[in-house]
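Line order of the protein sequences matches chains A and B.
All you need for the working numbering is the position in the first sequence, starting with 1, plus 952.
All you need for the working numbering is the position in the second sequence, starting with 1, plus 952.
Reviewing the structure listed below.
Number of protein chains: 2
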Amino acid sequence: MTELDSEFDTDTAVEALGGGRYRGDVSPRWAVFGGAPNGGYVVSLGLRALVEELGRPDAPTVTAQFLAPCEVGPIDVEVEVLRTGRRIGTAVARLIQGGEERVRVTGMLTDLDRASGLTHEDGGPPDLPPLEECVAPPDDAGLPPVIGRFDMRMDPSTVGWVVGRPSGTARIAGWVRFADGRPADSLALPTFADAFPPVAFNVLDELGWVPTLELTVHGRRRPVGGWLRGVFSSRFVVDGYHEEDGELWDDSDRLVAMSRQLALVRT
Amino acid sequence: MTELDSEFDTDTAVEALGGGRYRGDVSPRWAVFGGAPNGGYVVSLGLRALVEELGRPDAPTVTAQFLAPCEVGPIDVEVEVLRTGRRIGTAVARLIQGGEERVRVTGMLTDLDRASGLTHEDGGPPDLPPLEECVAPPDDAGLPPVIGRFDMRMDPSTVGWVVGRPSGTARIAGWVRFADGRPADSLALPTFADAFPPVAFNVLDELGWVPTLELTVHGRRRPVGGWLRGVFSSRFVVDGYHEEDGELWDDSDRLVAMSRQLALVRT
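Below you can see the structure in the form of structure tokens.
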């Protein structure tokens, strides 16, 4: 398939209207329970406008504040360039529907091909069971559309909550790729960083609602290969607030992204 | 002492000019090597304007993009409120000197006294040697002014780089409080999150320059008591980019903040 055929590229496409203004379309394909689109998908849509405006493909850091839920349908993206340096360009995308800003996305973009300097790594990819021993979401018509966008296989020890037996440890790990085979790239990293179920499901007596307030994704390398491995965890759920920390690793056993979100836990 | 007498409150004070505009003054007291002010201090100054504008004291998440170094002297802070909800208010502060935006600060603020919901914690404060076995920075006139703002005692196993023997592990831990006795509060958390020396010093052959691109601080509780304990580490230095993750703990053994910054490593 070509990238143009992919669900992700089709659904994050933005049309440049000039003057930093873009127009996109929030697709129903990425809806979660309740009908709002997945937050990571929306961030990738905003990031695409930042990439087009700044002409740099990679986002060593992108932060989104979620102000109000997005809806399926047209979305305006207004980009303000804050600074364009030799190495880094910084810009803000306001994602607007019905005249109301729904999501604020601020990114610092670069070309990672030109990155140079010290490399010193202390850690490797998550220790996952082989793909064939991991579990895919059930083929259940009651699940929201976003489930169908991914081919996801989760470590069975981290998804006991699905059958009413939460592990007691706020951690979920597994394999993931786009269902249509579209390779992961820098633009897709925010989407993958928000693709797995909420880790809080493993410490709740019954499934709750886990709205994200803020999501920051550090795109550290361009992913290569087919599958990504993801591991997500939270250590501090305090008075209904919690962080969710993630790592994404590619087929070459390299870290490609770190993510952290602050989210609420509602039961 | 009263808070009004404190260095921190004096140096982060902002005067409201109306219409979301504030005026502050970057003090030379917080300068690091090279003369620019400490980044965390600048974020606290911007956060103070957000707190005044939104009327909420705590920042479960605040993110700063550092666009250009600030200078000692007057600074304009322009606040734009993005959304005011029942629970959370979100606003942006543009920190401007000489007509140029130097730092972009975006915060989601609340009143943590009203936070409620699940608490489930998996982790405790860092295992530090007793205060009297930890080391303070030397009383050296060659050190930058910011050193004098803190009473800091570092775990000796994490500061071998000071004497040319980096540990090889990008981790620094220790005790910290304001030198003048001003208690820590939510406003000061970004300052404390950026107070310790760069952890990258432990994996460099010689001291380098570690400019922060983006800093996100999650203020999870209001600190109580005198000393904070901080632990900061990086696991992935890749092509000159690295994350620095931090935790701050208060005297009651409670996590008060998590921080993550993306920074460059230059030698």
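Glycine is no exception: its CB is placed at the ideal position from the N, C-alpha and C atoms.
Using a Cβ-Cβ cut-off of 6 Å (strictly less than) and excluding sequence neighbours within five positions of residue i, which residues of its own chain qualify?
i	result
Thr1143/A	Gly992, Tyr993, Ser996
Asp1205/B	Pro1077
Let me check one thing: in DSSP terms, what residues is residue i bridge-paired to?
i	result
Val995/B	Answer is none; Val995/B lacks a bridge partner.
Ala968/B	Tyr974/B
Pro989/B	Ala983/B
Quick one: residues in its chain with C-beta nearer than 7 Å to the C-beta of residue i, no 5 flanking neighbours on either side, listed in chain order?
i	result
Glu1005/A	Gly972, Val1031, Val1033, Ala1043
Arg1105/B	Leu1083, Cys1086, Val1087, Ala1088, Gly1126, Trp1127
Asp1203/A	Val1176, Gly1177, Gly1178, Trp1179
Asp1109/A	According to the sequence shown, residue 1109/A is Ser rather than Asp. Contacts found: Ser1119.
Pro1090/A	none
Thr1121/A	Asn1154
Pro1009/B	Val1003, Asp1063, Ser1138
Pro1149/A	Ile1124
Ala968/A	Tyr974, Glu1004
Go to residue i, then tell me how far its beta strand (DSSP E) extends in each direction, as first and last residue.
i	result
Glu1053/A	1052 to 1062
Phe960/B	Counting along the chain, Phe960/B falls outside any beta strand (DSSP E), though it belongs to the alpha helix (DSSP H) covering 959 to 964.
Ala983/A	Here Ala983/A belongs to no beta strand (DSSP E), and DSSP marks it neither H nor E.
Val1128/B	1123 to 1130
Asp1107/B	Note, Asp1107/B: premise wrong, no beta strand (DSSP E); not H, not E.
My assumption, with CB atoms under 8 Å, is that residue i sits in contact with residue j. Please give the rounded CB distance.
i	j	result
Leu1200/B	Val1208/B	5 Å
Val978/B	Gly1007/B	Between Gly1007/B and Val978/B the Cβ distance is about 25 Å, and since that is not below 8 Å, they are no contact.
Phe1188/A	Ile1124/A	With 8 Å as the limit, Phe1188/A and Ile1124/A do not qualify as a contact, their Cβ atoms being about 16 Å apart.
Glu959/A	Asp1132/A	5 Å
Leu1165/B	Thr1013/A	6 Å
Ala1016/B	Val984/B	Rounded, the Cβ-Cβ distance is 16 Å, inconsistent with contact.
Leu1061/B	Arg1173/B	The pair is not a contact, with the Cβ atoms about 15 Å apart (cut-off 8 Å).
Arg981/A	Asp957/A	That belief does not hold up - the Cβ atoms of Arg981/A and Asp957/A are roughly 14 Å apart, past 8 Å.
Val1029/A	Ala1045/A	5 Å
Leu1141/B	Gly1059/B	That belief does not hold up - the Cβ atoms of Leu1141/B and Gly1059/B are roughly 11 Å apart, past 8 Å.
Ala1145/B	Gly1198/B	5 Å
Arg1039/A	Leu1047/A	Incorrect: roughly 26 Å between the Cβ atoms, too far for contact.
Thr1168/A	Thr1036/B	With a Cβ gap of about 23 Å, Thr1168/A and Thr1036/B do not count as contacting.
Glu1195/A	Met1210/B	6 Å
Got a sec? Which residues, its chain only, sit under 8 Å from residue i by beta carbon, not counting five neighbours each side?
i	result
Pro1163/B	Phe1018, Ala1215, Leu1216, Arg1218
Gly1112/A	Pro1118, Ser1119, Asn1154
Gly970/A	none
Ala1156/B	In the sequence on display, residue 1156/B carries Leu and not Ala. If we look at Leu1156/B and ignore the five residues flanking it on each side, its Cβ neighbours are Trp1113, Pro1118, Val1217, Thr1219.
Met953/A	For Met953/A, the pLDDT reaches just 49, beneath the cut-off of 50, and the residue's location in the model is therefore unreliable, although a value from the coordinates is still provided. Same-chain partners within the cutoff: Asp1132, Gly1133, Arg1134.
Leu1130/B	Reading off the sequence shown, one finds Phe at residue 1130/B, where the question assumed Leu. Cβ neighbours of Phe1130/B beyond the five flanking positions: Ser958, Glu959, Phe960, Arg1101, Phe1102, Asp1103, Ala1136, Ala1140.
Arg1066/B	Arg1039
Leu1159/A	Trp1113, Phe1153
Ala965/B	Gly976, Asp977, Arg1000
Does the ligand FMN have even one heavy atom less than 7 Å from the beta-carbon of residue i?
i	result
Leu1061/A	Of the ligands one can find in the structure shown there are none, so the ligand FMN has no counterpart to examine.
- Segments assigned beta strand (DSSP E), at least 3 residues, entirely inside the segment 1143 to 1217 of chain B: 1164 to 1171, 1180 to 1185, 1188 to 1190, 1193 to 1201, 1207 to 1216
- Message: List, from N- to C-terminal side, the beta strand (DSSP E) runs of 3 residues or more that fit wholly inside the segment 1010 to 1088 of chain B.
- Response: 1010 to 1018, 1025 to 1036, 1041 to 1049, 1052 to 1062
- Item | Under 8 Å (Cβ pairs) to chain E, residues found in the segment 1056 to 1083 of chain A | Going by chain labels, chain E is absent from the structure shown, which instead holds the protein chains A and B.
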